[in-house]
Amino acid sequence: MPTRGGASLQERIVALIHERGLAPGAPMPTEVQLMDLLGASRNSVREAVRALRALGIVEIRHGHGTFVGHASLDVLTPSLAFQVRSGQGGGIRALHDLVEVRELLETGLIGQVARSTSAARLAALDALVNGMDRDREADRAFHALLYESCGNELVLQLIGLFWDVYHEVEPTLGPPEERTAEIIVNHRRIVAALRARDAEAAREAMRLHFRDVKARIARAKARPLPAPT
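Under the UniProt record's numbering, the first residue of the sequence shown carries the number 1, and numbering increases by one thereafter.
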């Protein structure tokens, strides 16, 4: 939807949000105001707002109006999962790449965490590890809690995004493997390194954790494709 100056109407609405310093949760200009400000038709404004809503940039609250959204990376989950699934070999190579990016992110940060983790956080991590045999979400919560102290919201969103996509695409690896005991051992190793405030041991424990995940992907990649029917 190109408009004056080559910028799309969506881009001009985003620019307007920034120019006015509108924070997430702030009310947006009304539809009529956007039409006047941008010199666009009602239908064009509605179409642009719908597109921005899909990206989480604006939020429509029925009966209240349109507000600036928080643009969480959660909205990327369907498109990233589609990209992974659509790759060669049923997306197994792309899944490996996704895990590799997450490994680079987490091993790069875990050393910083090792130098600053509090006793209370270690106790909370222990509790999550103890619950991993009953609750798969405890694994996700463990990784989120690890990096909460970094004060980097983007890191937490990226790790959550990678987690969601991996587990959405995981069935393409074939029948599920019973790895609970192995997962628990890996996470206990990470906590032990953090408790010792040993940054290098923490990085190595995280590498071992991801080595196991990538080994499962490699086994799936080596599995013969089913014969055509």
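We put the beta carbon where it would ideally sit given N, CA and C, even for glycine.
Everything numeric in this text was worked out from a predicted model, so none of it was measured.
Under the three-state reduction of DSSP, Ser8 is assigned to strand. With a beta-carbon spacing of about 13 Å, Ile110 and Ala196 fall beyond the 8 Å limit used to define contacts. Distance from Leu156 to Asn186 at the Cβ level is roughly 21 Å; contact not present, criterion being Cβ atoms closer than 8 Å.
Here the alpha carbons of Arg93 and Ala81 stand approximately 13 Å from one another. Using a Cβ distance threshold of 9 Å, Val213 and Val32 do not count as a contacting pair. Val129 is the residue among Ala15, Val129, Thr77 whose C-alpha sits nearest the C-alpha of Arg189. Beta bridge pairing from DSSP links Arg61 with Gly65. Bounds of the alpha helix (DSSP H) holding Glu182 are 180 to 195.
If you draw a 10 Å sphere on the C-beta of Asp36, you find fewer than 16 other C-beta atoms in it, and that means exposed.
In the three-state DSSP reduction, Pro175 falls in the coil class, being neither helix nor strand. In the three-state scheme derived from DSSP, where H, G and I count as helix and E and B as strand, Pro27 is classed as strand. For Asp126, the enclosing alpha helix (DSSP H) starts and ends at 119 to 130. Annotated three-state conformation of Asn152 is coil, per DSSP.
The three-state secondary structure of Ala71, taken from DSSP, is coil.
In this structure, Leu55 sits away from Leu9, with a CB-CB distance that is not shorter than 9 Å. Around the beta carbon of Leu104, fewer than 16 other beta carbons sit within 10 angstroms, so the residue counts as exposed. Using a C-beta cut-off of 8 Å, the stretch 106 to 122 makes no contact with the stretch 68 to 84, since fewer than three inter-stretch Cβ pairs fall below that distance. Distance from the Cα of Tyr147 is smallest, within the candidate group Leu16, Val113, Glu59, Gly65, for Val113.
Going by C-alpha positions, Glu200 is about 24 Å away from Gly160. Excluding its 5 nearest sequence neighbours in each direction, Val14 has C-beta neighbours in its own chain below 8 Å: Leu52, Ile57, listed in chain order.
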